[in-house]
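I have placed the structure first, in the form of structure tokens, so that the comments after it can refer back to it.
In the numbering used here, the protein residues as written are 163 to 529.
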């Protein structure tokens, strides 16, 4: 019996440790990076009457990246800003182009231009868990992710002694306590040739491991909105139609209603499919949406991550790309930010999509 208990205890211990990633040796902090790109400058020099040509790589700051982490790297959040045009001409002011969140085995990416979220596997975390014993022995996510790579020197960056790793012919990394302070990428002469020139680099210019981190950074609003949208399967949509009119606003069949960017709409089509859509963007000429349609059995009929509807269009959601729909097949008209239902179909605004919490509150029965 004691042997069995010991064995079970060992299994539980291994399972607990297997969930413990913690890639950094510093609990929390913030690093500001500059993403450098390099342009080739060519010219001629004249020395003592001898003219020679030259070519050199000149760096410029293309982007600024602000990186936050907590729980020794178990969660991390990043903001990326464009600060210059191609070639290095500075913008009048920086423009936020993306945000990233690393949590569990997910790597979420949000594009401000497209107003879209993508979810990729967090390969670093997955590999370290798959090779957990190796990771424990090496005590380095870099040496686990890039098996065979070993630190071969140090370099002072921002007053920290950063370990140098030659990852490959294409890549060098400098890391302090697991935190990357410099990452350089190179071109090569041929697929197997030596390094040619540096192509880009990511360099830390400021590090703060003392100030408190705002925990809300690790729960960005775009991820809340995406989770709300993804939670709306056919069953949930029907439940809301049947019993939760308190969270819906129905579009008037004559005047419709005005929509906003990020609104989530629920609807029933002329062919009785249920659906959801999210407003990705509204401009003078187009409405950009993503949508999903379901049949009565809950199976997906059609979906798109991005689709543009021209201003003044009549829309058949059952066959959105078909240009010769009859009047009886039309679901709504879109004009100047207003959705007007057609053929007495139902279109609803999901009120929580305009809230700060982006959650559908639980229904409380009134006695």
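Glycine residues also receive a C-beta, built at the ideal position from the N, C-alpha and C atoms.
Which whole-angstrom value describes the C-beta separation of residue i and residue j, a residue pair presumed to lie in contact below a C-beta threshold of 8 Å?
i           : j           : result
residue 503 : residue 418 : 7 Å
residue 402 : residue 428 : 7 Å
residue 508 : residue 430 : 5 Å
residue 197 : residue 362 : 7 Å
residue 473 : residue 506 : About 24 Å separates the two Cβ atoms, so there is no contact after all.
residue 193 : residue 369 : 5 Å
residue 307 : residue 366 : With 8 Å as the limit, residue 307 and residue 366 do not qualify as a contact, their Cβ atoms being about 19 Å apart.
residue 190 : residue 232 : 4 Å
With C-beta atoms as the reference, is residue i less than 7 Å away from residue j?
i           : j           : result
residue 235 : residue 195 : no
residue 329 : residue 311 : yes
residue 332 : residue 343 : no
residue 359 : residue 349 : yes
residue 304 : residue 326 : no
residue 442 : residue 455 : no
residue 513 : residue 409 : yes
residue 274 : residue 289 : no
residue 440 : residue 496 : no
residue 230 : residue 375 : yes
residue 183 : residue 269 : no
residue 200 : residue 221 : yes
residue 265 : residue 237 : yes
residue 470 : residue 444 : no
residue 248 : residue 261 : no
residue 371 : residue 188 : yes
What do you get for residue i, buried or exposed, if any count of 16 or more other CB atoms within 10 angstroms of its CB means buried?
i           : result
residue 404 : exposed
residue 387 : buried
residue 434 : exposed
residue 490 : exposed
residue 520 : buried
residue 255 : exposed
residue 165 : Reliability of the predicted coordinates at residue 165 is poor, the pLDDT of 47 falling under 50, and the value obtained from them is presented with this limitation in mind. Exposed, by the Cβ-count rule.
residue 479 : buried
residue 178 : Its pLDDT being 38, under 50, residue 178 is placed unreliably by the model, and nothing is read from it.
residue 242 : buried
residue 466 : exposed
residue 394 : buried
residue 413 : buried
residue 204 : exposed
residue 511 : buried
residue 283 : exposed
residue 484 : exposed
residue 314 : exposed
residue 352 : exposed
Quick one: what does DSSP say residue i is sitting in, helix, strand or coil?
i           : result
residue 356 : coil
residue 298 : helix
residue 210 : coil
residue 482 : coil
residue 431 : coil
residue 475 : strand
residue 490 : helix
residue 514 : helix
residue 163 : Residue placement at residue 163 is flagged as unreliable, the pLDDT there being 49, under the threshold of 50; the coordinate-derived value follows with that caveat. It is coil, neither helix nor strand.
Got a sec, what are the start and stop residues for the beta strand (DSSP E) residue i sits in?
i           : result
residue 345 : 341-350
residue 466 : 462-472
residue 407 : Taken as a continuous stretch (DSSP letters only), residue 407 belongs to no beta strand (DSSP E), as it is neither H nor E.
residue 240 : 237-246
residue 268 : 268-273
residue 316 : 313-319
I'd like the span of the alpha helix (DSSP H) that includes residue i, first residue to last.
i           : result
residue 412 : First-last for residue 412: 410-412, but that is the beta strand (DSSP E), not the alpha helix (DSSP H).
residue 391 : 383-392
Distance cutoff 7 Å, beta carbons only. Does residue i sit that close to anything in chain D?
i           : result
residue 310 : In summary, chain D is missing from the structure at hand, where a single protein chain is found.
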